[in-house]
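>
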Amino acid sequence: MSKIKIMLQVSYIRENREHVLDRLAVKNFKQPELVDEVIKLDEQRRQTQNMLDGVSAEANAAAKQIGELMRTGKRTEADAIKANSNTWKEDIKKLGDQLASIEQELQQKLVLLPNLPHTSVPKGITPEENEVVLENGIRPELPATALPHWELASKYNLIDFELGVKITGAGFPVYKGKGAKLQRALIAFFLDEAEKAGYSEVMLPLLVNEASGFGTGQLPDKEGQMYYVGLDNLYLIPTAEVPITNLYRDVILKADELPVKNCGYTPCFRREAGSYGAHVRGLNRLHQFDKVEIVQVVNPETSYEVLEQMSTHVQSLLQKLQLPYRVLRLCGGDMSFGSALTYDMETWSAAQKRWLEVSSVSNFETFQSTRLKLRFRNAEGKTQLAHTLNGSALALPRIVATLLENNQTERGIKIPEVLVPYTKFEWIE
RNA sequence: GGAGAGGUGUCUGAGUGGUCGAAAGAGCACGCCUGGAAAGUGUGUAUACGCCAAAAGUGUAUCGAGGGUUCGAAUCCCUCCCUCUCCGCCA
169 MSKIKIMLQV
179 SYIRENREHV
189 LDRLAVKNFK
199 QPELVDEVIK
209 LDEQRRQTQN
219 MLDGVSAEAN
229 AAAKQIGELM
239 RTGKRTEADA
249 IKANSNTWKE
259 DIKKLGDQLA
269 SIEQELQQKL
279 VLLPNLPHTS
289 VPKGITPEEN
299 EVVLENGIRP
309 ELPATALPHW
319 ELASKYNLID
329 FELGVKITGA
339 GFPVYKGKGA
349 KLQRALIAFF
359 LDEAEKAGYS
369 EVMLPLLVNE
379 ASGFGTGQLP
389 DKEGQMYYVG
399 LDNLYLIPTA
409 EVPITNLYRD
419 VILKADELPV
429 KNCGYTPCFR
439 REAGSYGAHV
449 RGLNRLHQFD
459 KVEIVQVVNP
469 ETSYEVLEQM
479 STHVQSLLQK
489 LQLPYRVLRL
499 CGGDMSFGSA
509 LTYDMETWSA
519 AQKRWLEVSS
529 VSNFETFQST
539 RLKLRFRNAE
549 GKTQLAHTLN
559 GSALALPRIV
569 ATLLENNQTE
579 RGIKIPEVLV
589 PYTKFEWIE
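For reference, each letter of the first sequence is one residue, going 169 to 597 in our numbering.
#1: Rounded to whole angstroms, how far is the Cβ of residue 382 from the Cβ of residue 405, which I believe are closer than 8 Å?
#2: Run the CB neighbour count on residue 331, radius 10 Å, all protein chains shown included, and call it buried at 16 or more, exposed below.
#3: Excluding sequence positions up to five away, which residues of its chain have a Cβ less than 7 Å from the Cβ of residue 565?
#4: Taking residue 563 as part of the beta strand (DSSP E), name the residues at either end of that continuous run.
#5: Going by CA-CA distance only, name the one from 232, 591, 391, 287 that's closest to residue 510.
#6: Are the beta-carbon atoms of residue 181 and residue 224 separated by less than 8 Å?
#7: When the Cα atoms are used, what is the spatial distance from residue 507 to residue 222?
#8: Please confirm whether residue 497 and residue 299 have their CB atoms less than 8 Å apart.
#9: Using a Cβ distance threshold of 8 Å, determine whether the segment 247 to 265 contacts the segment 366 to 373, with at least three qualifying pairs required.
#10: Is any heavy atom of the ligand ZN found at a distance shorter than 7 Å from the C-beta of residue 258?
#11: For residue 409 versus residue 466, is the C-beta distance shorter than 8 Å?
#12: When the distance is taken between beta carbons, is residue 368 closer than 8 Å to residue 430?
#13: Could you give the uninterrupted runs of the beta strand (DSSP E) lying entirely in the segment 414 to 485, keeping only those of 3 residues or more?
#14: Taking the CB atoms as reference points, tell me whether residue 534 and residue 555 lie closer together than 8 Å.
#15: I'd like the list of long-range same chain contacts for residue 349, defined as Cβ closer than 6 Å, with 5 residues on each side in sequence excluded.
#16: Tell me, to the nearest whole angstrom, how far the beta carbon of residue 421 is from that of residue 505; I am working on the premise that it is less than 8 Å.
#17: Give every residue of the same chain whose Cβ lies closer than 8 Å to the Cβ of residue 586, excluding the five residues on either side of it in the sequence, and list them in chain order.
#18: Quick one: what's got a C-beta closer than 7 Å to residue 485's C-beta in the same chain, skipping five residues either side?
#19: The beta strand (DSSP E) with residue 513 in it runs from where to where?
#20: Please go through the same chain and pick out, in chain order, the residues whose beta-carbon is closer than 6 Å to the beta-carbon of residue 234, but skip the five residues on each side of it.
#21: Using the Cβ count rule (16 or more neighbours within 10 Å means buried), how would you classify residue 184?
#22: Span of the beta strand (DSSP E) holding residue 496?
#23: Hey, out of 207, 193, 324, 257, whose CA is closest to residue 220's CA?
#24: Roughly how many angstroms separate the alpha carbons of residue 281 and residue 309, rounded to a whole number?
#25: Per DSSP, what kind of secondary structure is residue 596 in: helix, strand or coil?
#26: Of all the options 500, 205, 580, 439, which has the alpha carbon lying nearest to the alpha carbon of residue 273?
#27: Is DSSP giving residue 403 helix, strand or coil here?
#28: Just tell me which of 546, 418, 491, 415 has its CA closest to the CA of residue 584.
#29: Can you tell me the Cβ-Cβ gap for residue 320 and residue 576, rounded? I've got them flagged as a contact below 8 Å.
#30: Can you list, in chain order, the residues of its chain whose CB lies under 8 Å from that of residue 355, leaving out five sequence neighbours each side?
#31: My output table needs one value for residue 393: the three-state DSSP class, helix, strand or coil.
#32: Which residue comes first and which comes last in the alpha helix (DSSP H) that contains residue 214?
#33: Our contact map puts residue 551 next to residue 515 with C-beta atoms below 8 Å; I'd like the distance itself, whole angstroms only.
#34: Return yes when the Cβ of residue 518 is within less than 8 Å of the Cβ of residue 317, no when it is not.
#35: What residue range does the beta strand (DSSP E) around residue 489 cover?
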């Protein structure tokens with residue numbers, strides 16, 4: 169297993185110490201002292217390498233000389249130089265070990281540093297401090313007899329949660345009849361829309377290796393959130409982001425290959441350890457769910473523009489489904505470890521009377537590309553880290569939840585027009 | 001699961017101890033040739049980390065990973081990982 173090194177960002181930290189500290193504070197980062205520790209270790213690293221390089225250069229030159237002398241038969245002179253070799257060897261070994269352990273320590277600290285938030289990220293710690301960017305659509309007023317989606321699911325025989333418990337456990341629903349068809353319709357609809365927006369579809373492995381987990385930042389940070397297949401040392405993907413983005417691990421793209429735009433449908437598996445209670449009923453929080461993901465690899469100059477485009481795309485889906493939604497700009501404390509700026513899209517669940525997160529669109533800037541070693545050749549012909557972005561477009565369960573709840577009528581549940589060509593039925597009765 | 005083969009640069013592929021960061025070809029880039037293209041032809045074409053204000057330059061490391069032998073390792077030895085082929089099983 170090759171070690172994933174993320175040294176690429178060290179020089180940035182060294183040269184922008186104040187800015188790094190300033191940004192980390194917005195993310196409410198608890199160990200700012202790590203920054204100075206990293207800078208100090210990097211200093212030691214460079215010193216040590218300098219010494220090591222010097223000794224190695226001497227030893228290399230001597231070895232070359234010995235070769236020359238041996239060829240011309242001057243054995244005595246060769247032996248004289250050989251006498252020095254032990255000292256070099258010891259020094260090289262010693263300095264090499266030292267360098268390795270410094271690098272390892274540096275590496276361990278570096279992975280503890282979250283990505284720096286963008287300047288537009290609001291300060292804040294709790295979800296309540298997220299900034300509402302916009303709200304769109306009309307929240308339906310339902311009669312008092314309106315049912316939450318889990319009751320609708322059972323009334324119309326769409327989803328069987330108990331059967332899922334029997335065959336697997338809680339959080340693994342069984343979709344039946346029109347419930348199953350609705351899943352398939354949504355997946356096809358989302359993929360078609362993504363394709364129209366220029367994303368090319370990929371179908372992917374649902375299990376990934378350790379290197380992939382590190383590449384997108386799930387490891388080591390969120391190890392406990394992934395299902396792990398110990399026998400083969402593989403992880404079930406928590407999102408298609410992982411296999412899609414890792415397609416570009418260890419890749420140097422040509423400038424004209426950017427932007428890379430991919431979409432993919434996969435089931436997603438999340439252990440969701442520790443989240444139980446009133447808010448996880450029905451489809452609100454699952455261990456397995458379906459999602460269409462969009463991913464872009466772009467030139468850093470355009471990444472924020474692209475983030476807006478992706479946000480617009482996700483919103484267009486919600487508009488077409490006629491679901492009331494709002495867009496949040498996450499505050500520093502609520503953002504994920506690797507993100508520089510995240511928009512969350514939430515739909516209004518009219519029976520539960522609360523907002524449900526259905527998408528999260530993020531710009532990771534170079535956080536992932538550093539780990540992935542994902543670069544492109546810029547106009548000057550030099551390699552440069554690309555920016556990566558991804559977003560859900562969309563995750564199904566909460567869409568289904570709001571769709572069932574908001575569209576319930578006395579006759580049954582009305583399917584949004586855009587979906588009818590996919591479901592081939594207009595009503596769930 | 002059993003047996004065998006193998007992992008070299010963007011790719012194919014040579015290389016069994018020094019002159020090897022690595023032949024040759026393909027691809028790609030730029031130039032010449034051409035009315036234009038093809039063909040032909042010339043040149044260039046890995047990455048990271050140091051040193052240097054920077055460019056130029058230069059040092060070090062990297063031939064799956066790690067360790068060992070040696071003055072010197074792509075090449076020899078050990079361990080691990082991965083891929084392929086055949087057999088078995090199988091959607």
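Think of the CB as a built atom: it goes at the ideal place given N, C-alpha and C, for glycine as much as any other residue.
Predicted, not measured: the structure shown is a model, and the values here were computed from it.
Taking the definition as stated:
#1: Contact between residue 382 and residue 405 is absent: CB atoms are separated by about 14 Å, not below the 8 Å threshold.
#2: exposed
#3: 451, 454, 457
#4: 555 to 563
#5: Answer by Cα proximity: 287.
#6: no
#7: Going from the Cα of residue 507 to the Cα of residue 222 covers about 40 Å.
#8: Going by C-beta atoms, residue 497 is nearer than 8 Å to residue 299.
#9: no
#10: The ligand content of the structure shown is nil, which means the ligand ZN is not present either.
#11: no
#12: yes
#13: 428 to 437, 456 to 466
#14: yes
#15: 591
#16: With 8 Å as the limit, residue 421 and residue 505 do not qualify as a contact, their Cβ atoms being about 25 Å apart.
#17: 357, 488, 489
#18: 358, 361, 561, 562
#19: 509 to 517
#20: 246, 249
#21: exposed
#22: Looking at the DSSP string, the run of the beta strand (DSSP E) that includes residue 496 is 493 to 497.
#23: 257
#24: 45 Å
#25: strand
#26: Taking each of 500, 205, 580, 439 in turn and checking the Cα distance to residue 273, the smallest one comes out for 205.
#27: strand
#28: Minimum Cα-Cα distance from residue 584 among the listed residues 546, 418, 491, 415 corresponds to 491.
#29: 6 Å
#30: 433, 458, 460, 564
#31: helix
#32: Judged by DSSP secondary structure, residue 214 falls within the alpha helix (DSSP H) whose first and last residues are 201 to 239.
#33: Not really, about 42 Å apart at Cβ, beyond 8 Å.
#34: For residue 317 and residue 518, no; Cβs fall outside 8 Å.
#35: No beta strand (DSSP E) holds residue 489; DSSP gives it neither H nor E.
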